[in-house]
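Read the structure below first, then the notes.
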Amino acid sequence: MAFDSTPWKRSTAAFGRWLRGVNPTAHMLWQRRLKERDQSQRESAVAEAVMWDFLVSRTDEVCLVEIPGTGGVDFGFAVAGESFCVEVTNISIEAATRATGLQERPSVNGFHKLLTKSVRSQVRQKLQQVRTTQCPTLVAVTTLHSTASVICISHPAIEKVMGSPPRITGNFNVTSGEVEGDLYQTTDLQTSVFLSPHPILGPDGEPIVQAKFQPISGFLLCGFGVAPHHGQVLGGLNPEAKYPFDPRLLADVPFCSFGTWPARDSINFEWTITKEELARREQCAATRRLESDPEFHGLAREIRAGLHGESGP
């Protein structure tokens, strides 16, 4: 299926005007990406524009940080005098399909996976680009895959990126051949975006979970595939960031953090906006969109109606 950027034309037009005004060279390079034969490059250029559009509407100031050819972070923003940077990276529609098993317009129910490993990879690959920033820096992971934007960006999905997918565990008695006691959840942290699977020993000899990639303050997972102007965006925070990000700077974005840190024998999560509160807000917004944006609401309803399969990591 050919990629049609028309649904995002408002964002790309606004971003193009802004970019041309601040850096004509950067604008020329971005325009070139929009016309690339490689569809993933075109998607990346569109996603960058939509991410800029999403953030510029929530901040007081924006500047272009990256100088063409230097490989730095993309944008700088300020809210009430507090600055932060954002580096944008995109999971292409094709890559999202491979990772999740989901088609753009699914016609049958079925098992699907989440974007856990893809998000981890995309965030960690940006370490070198954000290493020299002197303020909180977020890596924004976007996708224009319509189905993944609806069902793969959620509170449970972010928690799996933060802590790795959990496993059901029990204490097996080899003599009796039975599981003793209650089942419980464990995780090996193998696909955690910020945590190392190898704990260190604390002063008391007990294992302590390590956090890594401190130059990255956190990440955003952004689904812009269905509703360019009402995208699903959630975030996660690095517990030991060099420059911690204050989630109040993006007050309407739910951010996940570790509830107890340093973590020892268990991990738990806290949210700035719970999934119940987010659902209530979305219901209010959806009611308004029934009048203002019926085409979007119909498409989102169509995708949700066609998907009732289980999800994996």
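All letters in the sequence shown, in the order written, are residues 0 to 312 by numbering that gives the first Met the number 0. All C-beta atoms in this analysis are idealised placements derived from N, C-alpha and C, irrespective of residue type, glycine included.
Where do the ends of the alpha helix (DSSP H) carrying residue i lie?
i, result
"ILE266", "Where ILE266 is concerned, there is no enclosing alpha helix (DSSP H), given that its DSSP letter is neither H nor E."
"LEU33", "23-33"
"ALA250", "That residue, ALA250, is in no alpha helix (DSSP H); it is neither H nor E in DSSP."
"ALA77", "Per DSSP, ALA77 belongs to no alpha helix (DSSP H); it is in the beta strand (DSSP E), 74-78."
"VAL160", "154-162"
Around the C-beta of residue i, are 16 or more other C-beta atoms found within 10 angstroms, so that it is buried, or is it exposed?
i, result
"LEU289", "In this prediction, LEU289 has a pLDDT of 47, which is less than 50 and means its spatial position is unreliable; what the coordinates show is noted afterwards. When all chains shown are included, LEU289 counts as exposed."
"SER291", "Caution applies to SER291, whose pLDDT of 42 falls short of 50 and renders its modelled position unreliable; the value that the coordinates give is listed next. Exposed is the call here."
"THR131", "exposed"
"ILE157", "buried"
"THR11", "buried"
"GLN124", "exposed"
"GLU42", "buried"
"ALA250", "exposed"
"ASP73", "buried"
"PRO135", "buried"
Considering just the uninterrupted stretch of the beta strand (DSSP E) at residue i, what are its terminal residues?
i, result
"PHE257", "254-257"
"THR141", "136-142"
"SER82", "81-90"
"VAL232", "231-236"
Rounded C-beta distance between residue i and residue j? I'm assuming under 8 Å.
i, j, result
"PHE76", "VAL87", "Between VAL87 and PHE76 the Cβ distance is about 12 Å, and since that is not below 8 Å, they are no contact."
"GLY222", "SER163", "About 21 Å; that fails the 8 Å criterion."
"PHE254", "LEU236", "6 Å"
"ARG119", "VAL192", "5 Å"
"LEU137", "SER216", "6 Å"
"THR142", "ASN89", "7 Å"
"GLY224", "HIS111", "About 15 Å; that fails the 8 Å criterion."
Using the Cα positions of residue i and residue j, report the straight-line distance between them to the nearest angstrom.
i, j, result
"PRO238", "ASN267", "12 Å"
"GLY15", "ASP59", "19 Å"
"ARG19", "GLN30", "10 Å"
"VAL140", "LEU219", "6 Å"
"GLN282", "PRO206", "43 Å"
"PRO198", "TRP260", "13 Å"
"LEU63", "THR96", "31 Å"
"VAL178", "ASP187", "21 Å"
"ASP264", "HIS26", "50 Å"
"ARG57", "TRP51", "10 Å"
"TRP270", "LEU54", "20 Å"
"GLU93", "ARG32", "17 Å"
"ASP203", "ARG280", "45 Å"
"THR24", "VAL61", "18 Å"
"SER176", "PRO196", "It should be pointed out that residue 176 corresponds to Gly in this sequence rather than to Ser. The alpha-carbon atoms of GLY176 and PRO196 are separated by roughly 30 Å."
"LYS211", "PHE257", "14 Å"
"GLN121", "VAL208", "22 Å"
"ASP245", "GLU275", "22 Å"
"ALA240", "TRP7", "33 Å"
"THR99", "LEU114", "6 Å"
"ASP37", "LEU101", "21 Å"
"LEU28", "GLU81", "30 Å"
"VAL49", "ASN170", "49 Å"
Residue i: beta carbon under 7 Å from a heavy atom of the ligand GDP?
i, result
"GLU81", "Looking at this structure, you won't find the ligand GDP or any other ligand, since it has none at all."
What three-state label does DSSP hand residue i in the structure shown?
i, result
"ASP52", "helix"
"PRO206", "strand"
"VAL122", "helix"
"GLU60", "strand"
"ILE199", "strand"
"GLU42", "helix"
"PHE218", "strand"
"GLY20", "helix"
"SER291", "Since pLDDT at SER291 reaches only 42, below the 50 mark, its modelled position is unreliable, and the value read off the structure follows with that caveat. DSSP places SER291 in helix when its eight states are reduced to three."
"ARG65", "Checking the sequence, you will find Glu at residue 65 rather than Arg. Coil at GLU65, not helix or strand."
"VAL149", "helix"
"VAL178", "strand"
"LEU277", "helix"
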